Every structure is written in structure tokens, then in C-alpha cells.
Amino acid sequence: MTRSLHPGRLKSLDVVRLAGYGLRARPLRMVLSALGIAIGIAAMVAVVGISSSSRAELDRLLDLLGTNLLTAGPGNTLFGEQSTLPDESVAMVGRIGLVETVTAIGQLPGAKVYRTDRIPAPQSGGIGVYAVRTDLLDTVGATVASGTWLNDATAQYPAVVLGSKTAERLGIGTVSEDVQIWLGGQWFTVIGILDPVPLVPRLDLGALIGWKAGQRYLDFDGDITTLYIRTDPDAVEAVRGVLARTVNPARPNEVDVSRPSDALAAQAAAETTFTGLLLGLGAVALLVGGIGVANTMVISILERRAEIGLRRSLGATRGHIRIQFLTEALLLSILGGGAGILLGSGVTAVYATLQGWPTVVPAWIMAGGITATLIIGGVAGLYPAIRAARVAPAEALAEI
Amino acid sequence: MSNWTEAFITLRGVSREYPGGVVALNGVDLNINRGELVAIVGPSGSGKTTMLNVMGTLDRPSAGQVVIDGFDIADLADRELSALRAFRIGFVFQHFHLAPGVSALDNVADGLLYTGAGLRERRERAEVALRRVGLGHRLTHQPHELSGGEKQRTAIARAVVREPALLLADEPTGALDSHSGEDVMRVLLDLHKTGTTIIVITHEGVVAARLPRQVSMLDGRVVDDRMGVMA
Numbered sequence: 001m002t003r004s005l006h007p008g009r010l011k012s013l014d015v016v017r018l019a020g021y022g023l024r025a026r027p028l029r030m031v032l033s034a035l036g037i038a039i040g041i042a043a044m045v046a047v048v049g050i051s052s053s054s055r056a057e058l059d060r061l062l063d064l065l066g067t068n069l070l071t072a073g074p075g076n077t078l079f080g081e082q083s084t085l086p087d088e089s090v091a092m093v094g095r096i097g098l099v100e101t102v103t104a105i106g107q108l109p110g111a112k113v114y115r116t117d118r119i120p121a122p123q124s125g126g127i128g129v130y131a132v133r134t135d136l137l138d139t140v141g142a143t144v145a146s147g148t149w150l151n152d153a154t155a156q157y158p159a160v161v162l163g164s165k166t167a168e169r170l171g172i173g174t175v176s177e178d179v180q181i182w183l184g185g186q187w188f189t190v191i192g193i194l195d196p197v198p199l200v201p202r203l204d205l206g207a208l209i210g211w212k213a214g215q216r217y218l219d220f221d222g223d224i225t226t227l228y229i230r231t232d233p234d235a236v237e238a239v240r241g242v243l244a245r246t247v248n249p250a251r252p253n254e255v256d257v258s259r260p261s262d263a264l265a266a267q268a269a270a271e272t273t274f275t276g277l278l279l280g281l282g283a284v285a286l287l288v289g290g291i292g293v294a295n296t297m298v299i300s301i302l303e304r305r306a307e308i309g310l311r312r313s314l315g316a317t318r319g320h321i322r323i324q325f326l327t328e329a330l331l332l333s334i335l336g337g338g339a340g341i342l343l344g345s346g347v348t349a350v351y352a353t354l355q356g357w358p359t360v361v362p363a364w365i366m367a368g369g370i371t372a373t374l375i376i377g378g379v380a381g382l383y384p385a386i387r388a389a390r391v392a393p394a395e396a397l398a399e400i
Numbered sequence: 401m402s403n404w405t406e407a408f409i410t411l412r413g414v415s416r417e418y419p420g421g422v423v424a425l426n427g428v429d430l431n432i433n434r435g436e437l438v439a440i441v442g443p444s445g446s447g448k449t450t451m452l453n454v455m456g457t458l459d460r461p462s463a464g465q466v467v468i469d470g471f472d473i474a475d476l477a478d479r480e481l482s483a484l485r486a487f488r489i490g491f492v493f494q495h496f497h498l499a500p501g502v503s504a505l506d507n508v509a510d511g512l513l514y515t516g517a518g519l520r521e522r523r524e525r526a527e528v529a530l531r532r533v534g535l536g537h538r539l540t541h542q543p544h545e546l547s548g549g550e551k552q553r554t555a556i557a558r559a560v561v562r563e564p565a566l567l568l569a570d571e572p573t574g575a576l577d578s579h580s581g582e583d584v585m586r587v588l589l590d591l592h593k594t595g596t597t598i599i600v601i602t603h604e605g606v607v608a609a610r611l612p613r614q615v616s617m618l619d620g621r622v623v624d625d626r627m628g629v630m631a
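Quick mapping for you: the protein sequence lines, in order, are chains A and B.
Letter by letter, the first sequence follows residues 1 to 400 of this note's numbering.
Letter by letter, the second sequence follows residues 401 to 631 of this note's numbering.
Rendered as C-alpha cells:
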């Protein structure tokens, strides 16, 4: 007799249906073991999502603020003393072809700021007093939150514009005619409050007065602390290269030149390191979740030996049994992974919205999450599936 | 000899020894012809369930030869035995083994799962099989909504939905009251009339007495074979 025997092929749709039946039979256990995977994936998606959203916010901010702002300040002399910038440096920098605007500020180290003249002298709140030129606002991209900015007239009188944190510390919410503060032993009228200035954070904790007012009322010597230079966006590096020599031709080594947007980007890069750590923690959670799935499958197979025996009696091959349980593990972890991606995206959306950032969940982390889920499910399900296929049908059916 | 060509199952010197030295079958010789209805009787521990597992290819003998429908099972790989079961052998168990939470129709349709038939064909044939065992009105009921007899008839429908040449029933009435048991026996007798070879394992003499041939077992041996047509 030459008849041959070929087992029937199990259709892939039937395999998925079988896996679904298996999971539905024990819903609570399915949810709990899927939860392990979900938490791991959610942690990874949220970590990447939040850092991407933060990055997107930074890009948006840099786009808004421009990356073409340079600062030049006095460095140290060869002997380690604080040097100064020559008075004519503003004019000289202004003559560089691709510079759009240039402005200067000078700190008044002796001047302290108090809400009233009754506040004890040590409680100065760390507020810095700066004499500024009226073109500072446009050059550093600052905006006025309340009141007005200094003009040619108010710059000559005891009028002050407060940085955002300064106003907060002094308890001044809005500007009205009769708000005065005790500044360097004089009453100054508050005429404006600035929004936060991301590119020049020192201004946030500053009290800004006119250049001439400083000289007239507070014995300001006119020394320049920092120059702010806005260049043609395509010529930032070119201007940067010649800036030190232009500011102080005699001693270019005593000039510190920097680009504030670089500092913001560096800060973001520092956060990336932290992201790596959190991502690692997420991976550990995922691994634990995978072990949970493997555990669930092993227990499930012990409980379902009779079902395995029955299926073998109906003509299932070892391969049919193996694929059924492997698919069940895969389905379990895909359910967990899908829930994790939703959860992680949700956490990202909530956090980003609270921070006022755009919500960004990169496609690669979603694809990566699904891939990781498939790998975890496959690895976790493989051994239990192989064990299930090895169950001897006659023995399994006897256990009732 | 014409008897030899008609033999559907042939056991020659079949023994089955389990690890630990337990001998469940001890040199069994048995021929069962196509279309026979046979009872295998014996007290518990006499080796009748092992005999059923061996005849159903769920278990391989430690020694001896088993030939089923012309196939010597020693020559067949595990997946070929699976195919043999899928297309030629149906099983009925004492405790039904129905999937909970799944309708009677889909439980029966699962009997065709490993034959490669599509879902629609499986359900159509399952409905026919359920009507054949008198359960046309119970298609959508889940196992917990069925009586014991109905559960066993559903399990029989699952076993015969593939139209197997051989039906092996292990204590099919063992978990049922006499009335339900009677329903189940009637279904088996009807199936026999349509030409299916049926082997019923039972420890109840009353059940065995109704079948045309009784093979009695004790301690892993065949001790009696009445109305036998031994080759």
C-alpha cells in the first residue's frame, strides 16, 4: 500500500482565533500579564516622547529666538584679573559688515534692589542691576509682559524695567504709575516688566535702568559687562571669528565670545544622557514583563494538558500545538505592547500639554515598541510552546 | 483469507510497559474488522484504556505490531499519526472534553480544525453532525447549558464530523444517568448502521451485552472474545 498521510494545514486566521480563545478563557490573568509588558513599553514610549517633545519645544524656541545672537564679555587678563571692554567696542562691532544690531549692558555691582527702604540691607534677593541701552530689547529678542520699555527720555530718569523673576521676588504683578522700588539708595519707578528671556537668563533676575540714569544717579562708571550682537543668520561663525579682535584689538585673548543658543542646546544634550538611563529602566520593566508572560504561559500549559491531549486526538500535530501556544504568547504581549504605546503616548501628551510643549511621539519608538514586544513575546512563548508540543497525548487525556 | 483483508485493526503481540515496570498491556493479539461494533470490557486497571490509546495511535506500544487501516504505525512519524487521527479516527471521552464558553456548533466544528477545512465548511458540517445526533436545536448553546447526555452527544458529533472510519469511545456512558446513557448508546448504534467501525470501552456488563462482540480484558491480557471472528 502506498497511500501517504499528510496533516492538514492550520490556517493563520484559525491560529489567531485559537490564541484568542485561550486568552479569553482567563481574562484577569491575561490583563495582569499584559500589564507587565504595557508598563515597560509605556515607560519607554513616555521617556522618548517627553524628551522628543522637549527637543521639539527647544527647536521651536530656537527658531523663534534665532541662533544668530552672540555675546562678548571681558575675560581674565594674563594675570588672572577681571579685564574690561573698551568703551568704543560697541561702535567697532557695529562696523562689522554682517552685524545687524549690537548693544551693551553694564552691571552696577554696588547697587542693590529692595521693595522698600525699610527692608534690611542683607535681604537683597540676589537681583542684579544693569545699565542698558534702549536697543537691548530688540537685540536679545526680549518682550515686555506689562508696562513699557525704556525710551530715550525714561532712560535718563530713575525708571526701571524688571526681569520676570525680579518682579516675582519683589511681589510686583503689574505695572502702575506709583510702583516704586528702592534701588541703590534711590527710589526708582517701575515702568515695565519683561517676559522671561530664554537666550539671556541673567536678565530675568535683573533690574534694568537707562545707561544715562545709571551714570547720573548711581555713579555708574560706564564699563561694559557684556555686548550682545545679532548677526546675519548665515554669518554667525564668520562674525564670531573676528569678534574678539574687533572688540579689543590690543588684547583679543581677554574677550570671551559665546553663543547663548549653544548653551540651550547643550542643556538639551545633557538631558539626553538622563533619557538613556530612564530608557534602560524601561527596558528592565519590559524584561520583567516578558518573564511574566513566560510564567503565565507555563502555568497555562500545565492547566491545559487535557486540552492539548484533546487537540492531539483531533489530529493536531506537535507543530499545530506549538504554533497555537506561541501565537497566544505573541498575542498577549502585543496586547500589552499596544496598550503600553497608548499609555506612553497619553502620558507624553499630558506632560507636554502641562509644560506648554508640542506633543511629539516619534514613529521609531512606536515601531521599536512593537518590535520589542514581538521579540519578548516570541522568546517568552517559545519554551512553553515547545513544552506544550511535547505533552504525550495519552497521558494528558488520562489526567481528569 | 478474506478475513485478513477485511481487518481494520490488527494487534500482534502488543505490550505496553510504563516506566517503573507497570505492564498495562501484555502480549495482546486482536483483529477488528471494518464495520464491526466491539465492546472492550474489564475492571479498572485491566488495560482497556491503554488498548484504546494504542488503537487510536495516541500511544505507541513497547513491543508488538499495530496495523490500522493498512498502516503499520511503527513506520509512521508523529505527524503522520496526527494525520491518521485527523482523517480516519474519532474519539469520545468519558468526560466529554468540550471547550467551555464555546457554542456546541463551534465545539463540533473544532473537530475539523486540523483537516485544513475553512471555517464556513467546518460550521456547515458541524451543523449536519449535530442534527445527526439529535441536537439540531442546541447549536448555539454553550456546554454549561447542556445536559450530560447532550454534552456527550455533542462530543460524539465532534468525533464523527470528520466522518472517520473508526470511532473509539472510552466509557461514553460512564458519567451519565441511565436515561442519558441510553440516548448516547442509541446514537452509537445508529452510527454503526452507517458503516463506522466502533470500539466502546466499558466496565459495565450491561452496556457491553448490547453490542455484537465483547472482548474481555484482565491484567493487560485478552481473556475472552465472544462472538469473535478471530483470524
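Glycine included, every Cβ here is placed at the ideal spot set by N, Cα and C.
Predicted model only: the values in this text are computed from it and were never measured.
Taking the runs of the beta strand (DSSP E) that are 3 residues or longer, which of them lie wholly in the stretch 57-97 of chain A?
-> 69-74
Starting from F188/A, follow its DSSP beta bridges and name the residues at the other end.
-> I181/A
What are the start and end residues of the alpha helix (DSSP H) that includes Q215/A?
-> Run containing Q215/A: 211-218, per the alpha helix (DSSP H) assignment.
Complete runs of the alpha helix (DSSP H) confined to the stretch 436-464 of chain B [at least 4 residues] = Taking only runs of at least 4 residues, the alpha helix (DSSP H) segments lying wholly in the stretch 436-464 of chain B are 448-455.
Return helix, strand or coil for V533/B, following the three-state DSSP convention.
-> In the structure shown, V533/B falls within a coil segment according to DSSP collapsed to helix, strand and coil.
Quick one: what's got a C-beta closer than 6 Å to A142/A's C-beta in the same chain, skipping five residues either side?
-> L194, V197
Please look up how many angstroms separate the CB atoms of P423/A and V298/A, rounded, as I've assumed it's under 8 Å.
-> Examination of residue 423/A is not possible in this model, given that chain A is present from 1 through 400 alone.
If the cut is a Cβ gap below 8 Å, which residues of chain B does L28/A touch?
-> Chain B residues near L28/A: none, gap ~14 Å exceeds 8 Å.
Counted within 10 angstroms of its Cβ, other Cβ atoms place M455/B as buried (16 or more) or exposed = The residue in question, M455/B, is buried, as its Cβ has 16 or more Cβ neighbours within 10 Å.
Enumerate, from N- to C-terminal direction, the unbroken alpha helix (DSSP H) stretches of 4 or more residues contained entirely within the stretch 564-594 of chain B.
-> 578-593
Top-ranked residue by Cα proximity to L61/A, from K212/A, G338/A, D221/A, L199/A = L199/A
Inter-residue spacing [alpha-carbon to alpha-carbon] between G574/B and D475/B | 35 Å
Under a three-way DSSP split, which group does Y419/A fall into?
-> Coverage of chain A is limited to positions 1 through 400, which leaves residue 419/A absent and any answer about it impossible.
Three CB pairs or more closer than 8 Å across the stretch 243-261 of chain A and the stretch 87-95 of chain A | yes
Report the three-state DSSP secondary structure of I172/A (helix, strand or coil).
-> coil
Listed from N- to C-terminal order along the chain, which residues in the stretch 305-330 of chain A have their beta-carbon within a distance smaller than 9 Å of any beta-carbon of chain B?
-> A306, E307, G309, L310, R311, R312, S313, L314, G315, A316, T317, R318, G319, H320
Take the Cβ of L411/B as the centre, count every other Cβ of all protein chains shown within 10 Å, and call the residue buried at 16 or more, exposed below.
-> buried
Inspect the CB distances between the stretch 489-505 of chain B and the stretch 28-39 of chain A and report whether three or more fall short of 8 Å.
-> Because the criterion of three Cβ pairs below 8 Å is not met, the stretch 489-505 of chain B and the stretch 28-39 of chain A do not touch.
Please confirm whether G192/A and G126/A have their CB atoms less than 8 Å apart.
-> It is not a contact, given that the beta carbons lie outside the stated cut-off.
Selection of the stretch 540-572 of chain B by Cβ proximity to chain A, strictly under 7 Å = Cβ contacts with chain A come from no residue of the stretch 540-572 of chain B.
Between the stretch 486-498 of chain B and the stretch 419-434 of chain B, do three or more beta carbon pairs fall short of 8 Å?
-> no
Tell me where the alpha helix (DSSP H) around M617/B begins and ends.
-> Taken as a continuous stretch (DSSP letters only), M617/B belongs to no alpha helix (DSSP H), being part of the beta strand (DSSP E) at 613-618.
When DSSP labels each residue in this structure, what does L546/B get in the three-state scheme?
-> coil
Burial state of G518/B (16 or more Cβ within 10 Å) | exposed
When D619/B, Q494/B, L611/B are compared against R626/B, the one with the closest alpha-carbon = L611/B
Contiguous beta strand (DSSP E) assignments of at least 3 residues, all confined to the stretch 203-265 of chain A | DSSP runs (the beta strand (DSSP E)) wholly in the stretch 203-265 of chain A: 206-210, 226-231, 255-258.
W149/A, buried or exposed, once every other Cβ within 10 Å from all chains shown has been counted against 16 | Burial check for W149/A: the Cβ neighbour count within 10 Å reaches 16 or more, so the residue is buried.
Applying the criterion that 16 or more other CB atoms from any shown protein chain within 10 Å of the CB defines a buried residue, is F79/A buried or exposed?
-> exposed
T154/A to R133/A, Cα distance in whole Å?
-> The alpha-carbon atoms of T154/A and R133/A are separated by roughly 11 Å.
Those residues which DSSP pairs with T602/B across a bridge = V441/B
In chain A, which residues lie less than 7 Å from E480/B when you measure between Cβ atoms?
-> Correct list: L5.
What are the residues of the stretch 10-21 of chain A that lie near chain B, defined by any Cβ-Cβ distance shorter than 9 Å?
-> L10, K11, L13, D14, R17, L18, Y21
Say yes only if the C-beta of N433/B is nearer than 7 Å to one or more non-hydrogen atoms of the ligand NAD, and no if none qualify.
-> Although the ligand NAD was asked about, the structure shown includes no ligands whatsoever.
Any C-beta of chain A sitting closer than 8 Å to the C-beta of F352/B?
-> Only positions 401 to 631 of chain B appear in this structure, which leaves residue 352/B out of reach.
Compute the distance between the beta-carbons of L330/A and L513/B, then report whether it is under 8 Å.
-> no
Just tell me which of P122/A, G97/A, A121/A, G163/A has its CA closest to the CA of L136/A.
-> G163/A
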